[in-house]
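Protein chains in written order, with the numbering used here: chain L, 690 to 1287; chain X, 4 to 214.
We treat Cβ as the ideally placed atom computed from N, Cα and C, and that holds for glycine.
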């Protein structure tokens, strides 16, 4: 028989201590508020928890021993509402990336590839209508469900600065197309041969390359919370797909950058290995009163607070709202309700087209290094920087092109050493494997694609058949690709070919033209967006510009769940980091004057 | 963190392969960080002294904290030359609360030389600044003497650099502090520095454990 334990009341209950929750909990504690942080995993101390244990390539990359345990909960997935969704029961490389677990969350195992979300992304819907006419996108994606963010890049820029100072971002800037009032706090990582080759080629063609932006500290750093950060040691065992945590703390996450500063204030208490299952709402007042969670022994705890902040990963962030009755569930038939609406992958949109060539640069292609550094990037084709007028098939957005970064892999690289079967293993296969480790040449592949456009048939809802370990329903994700990227890929990819020529690539091959409806997702990206979007109107969004719930005004949230649109840049953490500080401002406004802020 | 894992095992629920890692959350007094008012002053110094002709660096406990050592402090120290001390006081004249002068003093902690406790003396061209309530002690050409032994040479070092939010600031290297602490027999300090240095290094060569 489990026990119900009521914890002391705090000003703010923070659910999840990953990037969003960790930053919000820390900043509020530093600002003098009492905060209770709750996370389903442990506190990870990089110096003691990873230094001697992460080099287990099988355990870390395949078994995901540092990541979220799927038996606790998972998600179910399908492409269409007519299908039966099945639960994902194991992690598989590239099909089901690992989720975060514990303080620091998924940022323990990301590559650290960073990019600000550019100005156009915040106004995708209105900018597209204004430049190309109101029906431009609807000819390709008739059920597009695209809305502007409730704030602009210019309004977000100070929050980017704050976030980057806490995170310790390495780079210079993002070139003239993403204006910044100052450079990133740390210099870029050393450039690879491939990176500098690309840089020179891009410059000679009139583009504006800049060093790849990274969340891995290139130099010793002390962040805005006064926490010392070690520099990256470039030892491999870093990148995202294998999911290595960092044993020197150079990879930014809230365990290594923030939460201890919150703990030091004495205002932040942590409840770890604790699984949140409800936000409790007083139906009479319309206010949230507390959060309920299980500890590892099955005891139920109730944590009361004046404000509840939801910093969970998108599927969980949706799940807790739906289970708690906060917000109206989206109905794709009537296109009503905002909760669960607008879910989409980011960085993977179905149809693309690439152009590739080979460079004989031998050992200058780096398997190790770190997960995101050393390369160069151009933004000239990204967002709406290429005129899309007169496209054969309209589509919006464009790719950010990046070449030459380290891969951050481990020496034996179990995720790379695949592809052989009993019938194919032989001298040819061995030669292929050899080139993976001792490079004689490197393939450079550039792809054009548009942004992922949310559509009215995509949704999150509660699965009626499958439950988590405690018996609550799982989140069900219905996701279908649309054809937005097709025209964009066919417009932009041929434009990338001269870059490869200028780099000196051989065997340049332009891929076949992208075609409509040629594949559907069988997996999901780490970067799920939407489902609880920000917006100017509660008819399609769950939160206002201060990240305050339209439905229950003392519930706030931040994270990719709230992203209104897909964006050009894949990295999600850099895009959402600033949100945490907007939410902090919103929460502090609410604590002073407890009412709807919009 | 303890490995191997234990499993969630809740009465009435089926057993599941759900690891529960034992968390060791630092207590507030254990957290190594530079408090906001000191951090702000280091950033200010980094900007104001950027073009100083003389060699200078943050040192003392604050310098160690910036390099990740688990110690605490309530003030800042700068190590520089005699000329550097004068230059700093000219550049930051409005903050000078103790003008430069030759000072000799005994440190509160004694040296442990083969188990024998001996007094430690320092002498330097010394000044004090107060910047937004933060005391900044400036040591120029500091020398150290143990008991009745001869004075050592003025402390000379090649600074490391750390990026402090948005300023690149010179810091006295931990290896330099390590040598001093070793000479003075301050093994506890030495261990703290060793832990900080180890935290920034790659560990596979030590035979990483596999769980």
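query = residue 1163 (chain L): buried (16+ other C-beta within 10 angstroms of its C-beta) or exposed?
reply = Counting Cβ neighbours within 10 Å, residue 1163 (chain L) comes out buried, since at least 16 surround it.
ask   = Listed in chain order, which residues of the region 173-199 of chain X have Cβ atoms closer than 7 Å to some Cβ of chain L?
value = Residues of the region 173-199 of chain X with a C-beta atom less than 7 Å from some C-beta of chain L do not occur.
task = Let me know if residue 210 (chain X) comes out buried or exposed under the rule of 16 or more other beta-carbons within 10 Å of its beta-carbon.
result = The predicted model places residue 210 (chain X) with a pLDDT of 48, which falls under 50 and marks its position as unreliable; any figure quoted below should be read in that light. Exposed: under 16 other Cβ atoms inside 10 Å.
With 16 other Cβ atoms within 10 Å as the buried cut-off, status of residue 1066 (chain L) = Classification of residue 1066 (chain L): buried, given that the 10 Å Cβ count is 16 or more.
Coil, strand or helix - residue 702 (chain L) by DSSP = Of the three classes helix, strand and coil, the one that applies to residue 702 (chain L) here is strand, per DSSP.
ask   = In chain order, what residues of the same chain lie with their CB nearer than 7 Å to the CB of residue 869 (chain L), ignoring the 5 residues before and after it?
value = Result list for residue 869 (chain L): 862 and 863, in chain order.
query = Are any of the Cβ atoms in chain L nearer than 9 Å to that of residue 126 (chain X)?
reply = For residue 126 (chain X), no Cβ of chain L is located within less than 9 Å of the residue's own Cβ.
task = Tell me the start and end of each unbroken beta strand (DSSP E) in the region 28-100 of chain X that is at least 3 residues and wholly inside, in chain order.
result = As far as the region 28-100 of chain X is concerned, its whole beta strand (DSSP E) runs of at least 3 residues are 59-62 and 79-83.
ask   = Near residue 1069 (chain L), which residues of its chain fall below 6 Å by C-beta distance, leaving aside the five closest residues on each side in sequence?
value = Excluding sequence neighbours, residue 1069 (chain L) sits near 896.
task = If I'm right that residue 1133 (chain L) touches residue 1173 (chain L) with Cβ under 8 Å, what's the distance once you round it to whole angstroms?
result = Rounded, the Cβ-Cβ distance is 26 Å, inconsistent with contact.
task = Would you decide whether residue 769 (chain L) is buried or exposed? Buried here means 16 or more other CB atoms lie within 10 Å of its CB.
result = Flag for residue 769 (chain L) reads exposed.
ask   = For residue 954 (chain L) and chain X, any beta-carbon pair shorter than 9 Å?
value = Yes, contact with chain X.
ask   = Does the Cβ-Cβ distance between residue 836 (chain L) and residue 1220 (chain L) come in under 9 Å?
value = Not in contact: residue 836 (chain L) and residue 1220 (chain L) (Cβ atoms no closer than 9 Å).
query = Can you list the residues of chain L that residue 204 (chain X) reaches, using a CB-CB cut of under 8 Å?
reply = Close to residue 204 (chain X), with beta-carbon spacing below 8 Å, are these residues of chain L in chain order: 922 and 937.
query = In three-state DSSP terms, what is residue 1080 (chain L)?
reply = Three-state DSSP puts residue 1080 (chain L) in coil, outside helix and strand.
Neighbourhood of residue 1083 (chain L) by C-beta, 8 Å cutoff - its chain only, sequence neighbours within 5 removed = So the qualifying residues of the chain are 821, 825, 826, 828, 829, 1077 and 1176.
key: Residue span of the alpha helix (DSSP H) that contains residue 1009 (chain L), given as start and end   = Here the alpha helix (DSSP H) through residue 1009 (chain L) covers 1003-1013.
message = Using a Cβ-Cβ distance cut-off of 9 Å, determine whether residue 15 (chain X) contacts chain L.
response = Yes, contact with chain L.
message = Spatial neighbours of residue 73 (chain X) within its chain, please: C-beta separation below 8 Å, excluding the five flanking residues on both sides.
response = The residues are 33, 35, 195, 198 and 199.
ask   = Which stretch, first to last residue, makes up the beta strand (DSSP E) that contains residue 658 (chain L)?
value = The displayed coordinates of chain L run from 690 to 1287. Any statement about residue 658 (chain L) would go beyond what the structure contains.
message = Spatial neighbours of residue 848 (chain L) within its chain, please: C-beta separation below 7 Å, excluding the five flanking residues on both sides.
response = Short of 7 Å from the beta carbon of residue 848 (chain L), and not among the five residues preceding or following it, lie these beta carbons of its own chain, in chain order: 1267, 1270 and 1271.
ask   = Between residue 1088 (chain L) and chain X, is there a C-beta pair that is closer than 9 Å?
value = So, not an interface residue.
inquiry  = Tell me which residues of the region 727-738 of chain L have at least one Cβ-Cβ distance to chain X shorter than 8 Å, keeping chain order.
reply    = So the close ones are 730, 731, 732, 733, 734, 735, 736, 737 and 738.
inquiry  = Please classify residue 190 (chain X) as buried or exposed, where buried requires at least 16 other C-beta atoms within 10 Å of its C-beta.
reply    = The residue is exposed, with fewer than 16 neighbouring Cβ atoms inside 10 Å.
request  = Name, in chain order, the residues that DSSP records as bridge partners for residue 900 (chain L).
outcome  = Residue pairing for residue 900 (chain L): DSSP places it in a beta bridge opposite L:1065.
query = Whose Cβ in chain X lies nearer than 8 Å to the Cβ of residue 1192 (chain L)?
reply = By Cβ distance, chain X contributes nothing, its closest Cβ being about 32 Å from residue 1192 (chain L), past 8 Å.
8 Å contact criterion, which residue 1092 (chain L) and residue 883 (chain L) should meet: CB distance rounded = About 6 Å separates the two Cβ atoms, so the contact holds.
request  = Reducing DSSP to helix, strand and coil, say where residue 990 (chain L) ends up.
outcome  = DSSP, read as helix, strand or coil, puts residue 990 (chain L) in strand.
request  = List the residues of chain X that residue 903 (chain L) touches, going by C-beta distances under 8 Å, in chain order.
outcome  = In chain order: nothing, as chain X lies at least about 14 Å away.
task = Identify each residue in the region 1161-1195 of chain L for which the Cβ-Cβ distance to at least one residue of chain X is less than 9 Å, and report them in chain order.
result = Against chain X - using a Cβ distance shorter than 9 Å - the region 1161-1195 of chain L contributes no residues.
ask   = According to the Cβ coordinates, are residue 917 (chain L) and residue 71 (chain X) closer than 9 Å?
value = Remark: C-beta atoms of residue 917 (chain L) and residue 71 (chain X) approach each other more closely than 9 Å.
request  = Using the Cα positions of residue 696 (chain L) and residue 979 (chain L), report the straight-line distance between them to the nearest angstrom.
outcome  = So the alpha carbons of these two residues sit roughly 10 Å apart.
query = Can you list, in chain order, the residues of its chain whose CB lies under 7 Å from that of residue 1194 (chain L), leaving out five sequence neighbours each side?
reply = Non-local C-beta neighbours of residue 1194 (chain L) in its own chain, meaning closer than 7 Å and more than five positions away in sequence, comprise 1046, 1047, 1048 and 1133, ordered along the chain.
task = Report yes or no: do three or more beta-carbon pairs, one from the region 161-168 of chain X and one from the region 127-143 of chain X, lie closer than 8 Å?
result = Contact check between the region 161-168 of chain X and the region 127-143 of chain X: fewer than three CB pairs, one atom from each, fall below 8 Å, which does not count as touching.
Helix, strand or coil at residue 1018 (chain L) according to DSSP, with G and I counted as helix = In the three-state DSSP reduction, residue 1018 (chain L) falls in the strand class (E or B).
ask   = What residues in its chain sit with their C-beta under 8 Å from that of residue 202 (chain X), if we drop five residues either side in the sequence?
value = These residues qualify, in order along the chain: 71.
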